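There are 2 protein chains.
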Amino acid sequence: GGATGAGEVTGSGEVTARIRLTDRTFGLAPEEAVLRPPSLIVGVGASKGAPVDEVLALIEGTLADAGLSPRSVARLATVDAKAEEPGIVEAAGRLGVPLVTYSPEQLAAVPVPNPSDAPLTAVGTPSVAEAAALVEGAQLLVPKTKSAPEGRPAMATCAVARRAPRGRLAVVGLGPGARDLLTPRAKDELRRAAVLVGLDQYVDQIRDLLRPGTVVLESGLGAEEERARTAVAEARKGQAVALIGSGDAGVYAMASPALAEASDDIDVVGVPGVTAALAAGALLGAPLGHDHVSISLSDLHTPWEVIERRVRAAAEADIVVTFYNPRSRGRDWQLPKALSLLAEHRAPRTPVGVVRNASRADESVRLTTLAALDPATVDMMTVVTVGNTATRDIAGRMVTPRGYRWQQDPDTKEHAAAEAGR
Amino acid sequence: GGATGAGEVTGSGEVTARIRLTDRTFGLAPEEAVLRPPSLIVGVGASKGAPVDEVLALIEGTLADAGLSPRSVARLATVDAKAEEPGIVEAAGRLGVPLVTYSPEQLAAVPVPNPSDAPLTAVGTPSVAEAAALVEGAQLLVPKTKSAPEGRPAMATCAVARRAPRGRLAVVGLGPGARDLLTPRAKDELRRAAVLVGLDQYVDQIRDLLRPGTVVLESGLGAEEERARTAVAEARKGQAVALIGSGDAGVYAMASPALAEASDDIDVVGVPGVTAALAAGALLGAPLGHDHVSISLSDLHTPWEVIERRVRAAAEADIVVTFYNPRSRGRDWQLPKALSLLAEHRAPRTPVGVVRNASRADESVRLTTLAALDPATVDMMTVVTVGNTATRDIAGRMVTPRGYRWQQDPDTKEHAAAEAGR
Numbered sequence: 001g002g003a004t005g006a007g008e009v010t011g012s013g014e015v016t017a018r019i020r021l022t023d024r025t026f027g028l029a030p031e032e033a034v035l036r037p038p039s040l041i042v043g044v045g046a047s048k049g050a051p052v053d054e055v056l057a058l059i060e061g062t063l064a065d066a067g068l069s070p071r072s073v074a075r076l077a078t079v080d081a082k083a084e085e086p087g088i089v090e091a092a093g094r095l096g097v098p099l100v101t102y103s104p105e106q107l108a109a110v111p112v113p114n115p116s117d118a119p120l121t122a123v124g125t126p127s128v129a130e131a132a133a134l135v136e137g138a139q140l141l142v143p144k145t146k147s148a149p150e151g152r153p154a155m156a157t158c159a160v161a162r163r164a165p166r167g168r169l170a171v172v173g174l175g176p177g178a179r180d181l182l183t184p185r186a187k188d189e190l191r192r193a194a195v196l197v198g199l200d201q202y203v204d205q206i207r208d209l210l211r212p213g214t215v216v217l218e219s220g221l222g223a224e225e226e227r228a229r230t231a232v233a234e235a236r237k238g239q240a241v242a243l244i245g246s247g248d249a250g251v252y253a254m255a256s257p258a259l260a261e262a263s264d265d266i267d268v269v270g271v272p273g274v275t276a277a278l279a280a281g282a283l284l285g286a287p288l289g290h291d292h293v294s295i296s297l298s299d300l301h302t303p304w305e306v307i308e309r310r311v312r313a314a315a316e317a318d319i320v321v322t323f324y325n326p327r328s329r330g331r332d333w334q335l336p337k338a339l340s341l342l343a344e345h346r347a348p349r350t351p352v353g354v355v356r357n358a359s360r361a362d363e364s365v366r367l368t369t370l371a372a373l374d375p376a377t378v379d380m381m382t383v384v385t386v387g388n389t390a391t392r393d394i395a396g397r398m399v400t401p402r403g404y405r406w407q408q409d410p411d412t413k414e415h416a417a418a419e420a421g422r
Numbered sequence: 001g002g003a004t005g006a007g008e009v010t011g012s013g014e015v016t017a018r019i020r021l022t023d024r025t026f027g028l029a030p031e032e033a034v035l036r037p038p039s040l041i042v043g044v045g046a047s048k049g050a051p052v053d054e055v056l057a058l059i060e061g062t063l064a065d066a067g068l069s070p071r072s073v074a075r076l077a078t079v080d081a082k083a084e085e086p087g088i089v090e091a092a093g094r095l096g097v098p099l100v101t102y103s104p105e106q107l108a109a110v111p112v113p114n115p116s117d118a119p120l121t122a123v124g125t126p127s128v129a130e131a132a133a134l135v136e137g138a139q140l141l142v143p144k145t146k147s148a149p150e151g152r153p154a155m156a157t158c159a160v161a162r163r164a165p166r167g168r169l170a171v172v173g174l175g176p177g178a179r180d181l182l183t184p185r186a187k188d189e190l191r192r193a194a195v196l197v198g199l200d201q202y203v204d205q206i207r208d209l210l211r212p213g214t215v216v217l218e219s220g221l222g223a224e225e226e227r228a229r230t231a232v233a234e235a236r237k238g239q240a241v242a243l244i245g246s247g248d249a250g251v252y253a254m255a256s257p258a259l260a261e262a263s264d265d266i267d268v269v270g271v272p273g274v275t276a277a278l279a280a281g282a283l284l285g286a287p288l289g290h291d292h293v294s295i296s297l298s299d300l301h302t303p304w305e306v307i308e309r310r311v312r313a314a315a316e317a318d319i320v321v322t323f324y325n326p327r328s329r330g331r332d333w334q335l336p337k338a339l340s341l342l343a344e345h346r347a348p349r350t351p352v353g354v355v356r357n358a359s360r361a362d363e364s365v366r367l368t369t370l371a372a373l374d375p376a377t378v379d380m381m382t383v384v385t386v387g388n389t390a391t392r393d394i395a396g397r398m399v400t401p402r403g404y405r406w407q408q409d410p411d412t413k414e415h416a417a418a419e420a421g422r
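Next up, the structure:
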């Protein structure tokens, strides 16, 4: 465990060197090289006037005894009162690392294995070295150790901790379902993950792509908040986490609750995916050729008044609409209501596409009209795309024109833009 | 050429048989099998009372002489006046194929190598056999041949044509640019294409994925209509065509003009891709966590009044907006105007994401606010995402909440829907 890893540098298929990434000292094999991560934090305490040689000898001896490399020391840490103690400041300088300090209150709040009354009296915290090493949430490797000068009492203490690596949360869209609509980037992120968090049915969809040993934290429907919190908490522990969602994980899905939880102490990577509106559009023809809006009809998340206002806006502004979550067993009047709002501004023959489980084995695609759509044929696995006044059924395909003014227009710069800007 | 192809059936890596798909007769090798496509059309002419044996002998002899298999005959074809001529009807019956007939006007309109006055007088077209074989746009393999009965004049003619295979137009979204955001399905379609049609800069992006020999029809900016027409025309010739676009080819791109041209005589396959709004969203955080609209600010394609109406609608209904084609050299007032419309309903600190060339080498990502955005930093390679009143900058990431009523809600069916419906 810890900050140890190994990789191979290869050229034309041959191994030329073995690189190890570790803060531990060890005998290198002939073809090995080592990289030192800045992973160690050394907590330091010292009496007033402690000589730099004593502090430095303590630190170096402690690291050597523990089999740890001084090159992996990221910083020295101590209490505010010792911020200008010459022996500590100079030790940091000779090691070439920064010195950071904490208030007695911050340090007193850190549970440590070896508290003591002496520093409590002197600087207001029962531990300096151990607490300063641990205060940022690291793992204690060497407990408090005293210096051993010849012929007088020790004037310095130190403790060594390994800080957790920075966690990484990848929010991964799996696409609409078919394996060949999963992007290579999504696949790579799944392979990279040490911890996978997701809805059980989506986990099943990609379980074969995970590395052996990946920790899978799957949960059932309704546990969205819990999944978001779990993913962020695992990343905070320094794990490489993949949080999965179908389609694009940022669209009505897990990215939003997870990022609402995440602070800047973890890295976040979003992998976009083919969302249901696009998957349905490709099956129907080209309904999204011009402006289009995605609206969820689920009024569990959003007051119906807000949804209705958005549907009315789309109707009045003649925007193509894709409805997500259009209808469920207990929620049956919202879709007819939404369609009737659109029908106030669009002809009965306006094309409507009904796509269920796009790209999955049981996919179904139907092209109908605003007048003819039977809402009873729609369920939660379906997205419904309603054309605008320009949308046409052309040879059984649903097409919304881009408009063709460009044909006459000599401004080729704009043509570039029109396509390249997408 | 023609309807000939070969493939291998393999089991555990071993070749077990070689299957050929062809309408040609030939000696089979020991481990070969053959599949017969229904590719041949036999045009037939006959005098009144022509015996079935004479008609059948003519057809079978003609096919044999040309090295063509009778099992590949899809149908017999003649003029309407011969629809009930017993020799022809029975020949079709014995061959097990349908008989189709055409009006003299339809046949007279087909250019043929061997027109004649006799049928023109008799049935009103200068060719029956050749014209009937060719009327659906097939390729003539055997010109008009007469029967050779012993001791009397010929009473039957025939000609053989091979019909063009049904063309296939794949409209392929390449994603935002990075190779690892190109879906495997898109890659497969590029490999499958015999003809590739696209904007030169997008062709450059994927040229290495094409099979050797793929015909590449690339054109420059401003030739959108021409590309659409070319792609459809190539498919109509029976080709396997891939028409490419960046992002999702159905969003402000080539699918719409191409499908406006296409009729039902070709197959169309759409391959959805990661559109710019999604690629930008993944980089920004989770701005599209709830309802969102894509609006193009290019008023070359659309009157500004329509665009303004749509922006106003998004503003009033509090919908997150992604602007495509937001600004170009000659078009600089539209974005500020659109932002000012949104600002009438949203606070100055509303998060705004500015993403240029998402996933490409020169990608840039900026998170700013409605008040602070400098439109001069935006160009046609950029998409601009404006949050709604609920959107927040959380730890430097742009997040639009889904809302969390589900936490309290016991209706787990709806939870399923909320995520699975995407």
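Protein chains in written order, with the UniProt record's numbering: chain A, 1 to 422; chain B, 1 to 422.
Note that CB positions come from ideal geometry on N, CA and C, so glycine has one too.
Treat the numbers as computed from the prediction; the structure is a model and nothing was measured.
Can you have a look at proline 212/A and say buried or exposed, based on whether 16 or more other CB atoms are within 10 angstroms of its CB? On the first sequence, position 212 is the one that residue 212/A refers to. Exposed, by the Cβ-count rule.
Give me the DSSP bridge partner(s) of valine 266/A. The sequence position of residue 266/A within the first sequence is 266, counting from 1. A quick correction: the sequence has isoleucine, not valine, at residue 266/A. Note: isoleucine 266/A sits in a beta bridge opposite Gly167/A.
Which residues bound the beta strand (DSSP E) around alanine 366/A? For the purposes of this step, residue 366/A is taken as residue 366 along the first sequence, with counting starting at 1. Here residue 366/A turns out to be arginine, not alanine, going by the sequence shown. First-last of the beta strand (DSSP E) with arginine 366/A: 364-369.
Using 10 angstroms around the beta-carbon of isoleucine 19/B, count the other beta-carbons present and answer buried if the total reaches 16, otherwise exposed. Looking up residue 19/B in the second sequence gives position 19. By the neighbour-count rule (16 or more Cβ atoms within 10 Å), isoleucine 19/B is not buried but exposed.
Along the alpha helix (DSSP H) that carries arginine 236/A, what are the first and last residues, could you check? Residue mapping note: residue 236/A aligns to position 236 of the first sequence, counting from 1. From DSSP, the alpha helix (DSSP H) with arginine 236/A extends over 224-236.
Using three-state DSSP, classify arginine 392/A as helix, strand or coil. On the first sequence, position 392 is the one that residue 392/A refers to. Three-state DSSP puts arginine 392/A in a strand.
Among Ala186/B, Glu60/B, Ser328/B and Val269/B, nearest to alanine 156/B - alpha-carbon criterion: Your numbering for residue 156/B matches position 156 in the second sequence. Minimum Cα distance to alanine 156/B is reached at Glu60/B.
Is there a C-beta anywhere in chain A that falls below 7 Å from the one on serine 256/B? In the second sequence, counting from the first residue as 1, residue 256/B sits at position 256. At least one chain A Cβ lies under 7 Å of serine 256/B.
Near-chain A residues of the segment 360-387 of chain B - C-beta to any C-beta below 9 Å: Asp379, Met380, Met381, Thr382 and Val383
For valine 274/B and proline 272/A, believed in contact at Cβ under 8 Å, the rounded distance: On the first sequence, residue 272/A is found 272 positions in, with the first residue counted as 1. On the second sequence, residue 274/B is found 274 positions in, with the first residue counted as 1. Contact holds; Cβ gap of about 5 Å.
Given a cut-off of 7 Å, decide if valine 79/B and leucine 40/B are closer than it, judged by their beta-carbon atoms. For the purposes of this step, residue 40/B is taken as residue 40 along the second sequence, with counting starting at 1. For the purposes of this step, residue 79/B is taken as residue 79 along the second sequence, with counting starting at 1. Not closer than 7 Å, so no.
Alpha carbon of arginine 166/B to alpha carbon of valine 42/B, nearest angstrom: One-based indexing of the second sequence puts residue 166/B at position 166. One-based indexing of the second sequence puts residue 42/B at position 42. Between arginine 166/B and valine 42/B, the C-alpha separation is close to 18 Å.
Out of Val355/B, Val321/B and Leu58/B, point me to the one whose CA is closest to histidine 345/B's CA. If you number the second sequence from 1, residue 345/B lands on position 345. Nearest of Val355/B, Val321/B and Leu58/B to histidine 345/B, Cα basis: Val321/B.
Alpha carbon of arginine 329/B to alpha carbon of alanine 233/A, nearest angstrom: Along the second sequence, one-based indexing puts residue 329/B at 329. Along the first sequence, one-based indexing puts residue 233/A at 233. Each residue's alpha carbon lies about 46 Å from the other.
Cβ separation of alanine 223/A and glycine 247/A, assumed to be a contact under 8 Å, to the nearest whole Å: To locate residue 223/A, count along the first sequence from 1; it is residue 223. To locate residue 247/A, count along the first sequence from 1; it is residue 247. Actually they are not in contact, since the Cβ atoms of alanine 223/A and glycine 247/A sit about 19 Å apart, beyond 8 Å.
Within-7 Å CB hit, proline 401/A to chain B: Indexing the first sequence from 1 puts residue 401/A at position 401. Yes, contact with chain B.
What are the uninterrupted segments assigned as beta strand (DSSP E) that are 3 or more residues long and contained completely in the UniProt domain "CobE/GbiG C-terminal" (40-161) of chain B, given in chain order? 40-46, 73-79, 99-102 and 139-146
Determine the extent of the beta strand (DSSP E) in which tyrosine 324/B is found, giving its start and end residues. For the purposes of this step, residue 324/B is taken as residue 324 along the second sequence, with counting starting at 1. 320-324 is the extent of the beta strand (DSSP E) around tyrosine 324/B.
From leucine 284/A to valine 399/A, what distance separates their C-alpha atoms? Here the question's residue 284/A lines up with position 284 in the first sequence. Here the question's residue 399/A lines up with position 399 in the first sequence. Spanning the two alpha carbons is a distance of roughly 8 Å.
Would glycine 289/B pass as an interface residue toward chain A - the criterion being a Cβ-Cβ separation below 7 Å? Counting from 1 along the second sequence, the entry for residue 289/B is found at position 289. Interface residue, yes.
For a contact meaning CB atoms closer than 7 Å, what does valine 142/B contact in chain A? On the second sequence, residue 142/B is found 142 positions in, with the first residue counted as 1. Within chain A, no residue comes near valine 142/B; the closest Cβ sits about 33 Å away, beyond 7 Å.
Buried/exposed call for threonine 125/A, threshold 16 Cβ in 10 Å: By 1-based counting over the first sequence, the position of residue 125/A is 125. Buried.
Please identify, using Cβ separations under 9 Å, the residues of the segment 233-251 of chain A that lie next to chain B, in order along the chain. Gly245, Ser246, Gly247, Asp248, Ala249, Gly250 and Val251
Against chain B, with Cβ distances strictly below 7 Å, would histidine 345/A count as a contact? Here residue 345/A corresponds to residue number 345 of the first sequence, with the count starting at 1. False, the Cβ-Cβ gap to chain B never drops below 7 Å.
Residue from Ala46/B, Ala170/B and Ser256/B whose Cα sits closest to the Cα of valine 128/B: Taking the first residue of the second sequence as position 1, residue 128/B is located at position 128. When each option's Cα is compared against that of valine 128/B, the closest is Ala46/B.
Would aspartate 393/A count as contacting chain B if we go by Cβ distances under 7 Å? In the first sequence, residue 393/A corresponds to position 393, counting from 1. No - not a single Cβ of chain B is within 7 Å of the one on aspartate 393/A.
Where the beta strand (DSSP E) through arginine 397/A begins and ends: Numbered from its first residue, the first sequence carries residue 397/A at position 397. Element bounds for arginine 397/A: 397-399.
DSSP on leucine 21/A, reduced to helix/strand/coil? Walking along the first sequence from the start, residue 21/A turns up at place 21. Note: leucine 21/A maps to strand in three-state DSSP.
Quick one: does aspartate 264/B have its CB under 7 Å from some CB of chain A? Sequence index remark: in the second sequence, residue 264/B carries index 264 (1-based). Answer yes: the Cβ-Cβ gap between aspartate 264/B and chain A drops below 7 Å somewhere.
Reduced DSSP category for threonine 377/A - H, G, I as helix; E, B as strand; rest coil: Within the first sequence, numbered from 1, the residue matching residue 377/A stands at position 377. Helix, per DSSP.
For the segment 368-378 of chain A and the segment 325-340 of chain A, state whether three or more C-beta atom pairs, one from each stretch, are separated by less than 8 Å. yes
What residues of chain B sit near glycine 167/A, judged by a beta carbon separation below 7 Å? Here residue 167/A corresponds to residue number 167 of the first sequence, with the count starting at 1. Correct list: empty, because the minimum Cβ distance to chain B is about 13 Å.
Using the beta-carbon of each residue, which ones in chain A are nearer than 8 Å to valine 190/B? Counted from its first residue, the second sequence places residue 190/B at position 190. The sequence given here has leucine at residue 190/B, not valine. The premise fails here: leucine 190/B is roughly 13 Å from chain A at the closest Cβ pair, so nothing lies under 8 Å.
DSSP state of glycine 353/A, grouped into three classes? One-based indexing of the first sequence puts residue 353/A at position 353. Strand at glycine 353/A.
Would you mind reading off the limits of the beta strand (DSSP E) that contains serine 359/A? Position 359 of the first sequence, counted from the first residue, corresponds to residue 359/A. No beta strand (DSSP E) contains serine 359/A, which DSSP labels as neither H nor E.
Buried or exposed for phenylalanine 26/B, please, with buried defined as at least 16 other CB atoms from any protein chain shown within 10 angstroms of its CB. Within the second sequence, residue 26/B is the residue found at index 26, counting from 1. Looking at its Cβ environment, which holds fewer than 16 other Cβ atoms inside 10 Å, phenylalanine 26/B is exposed.
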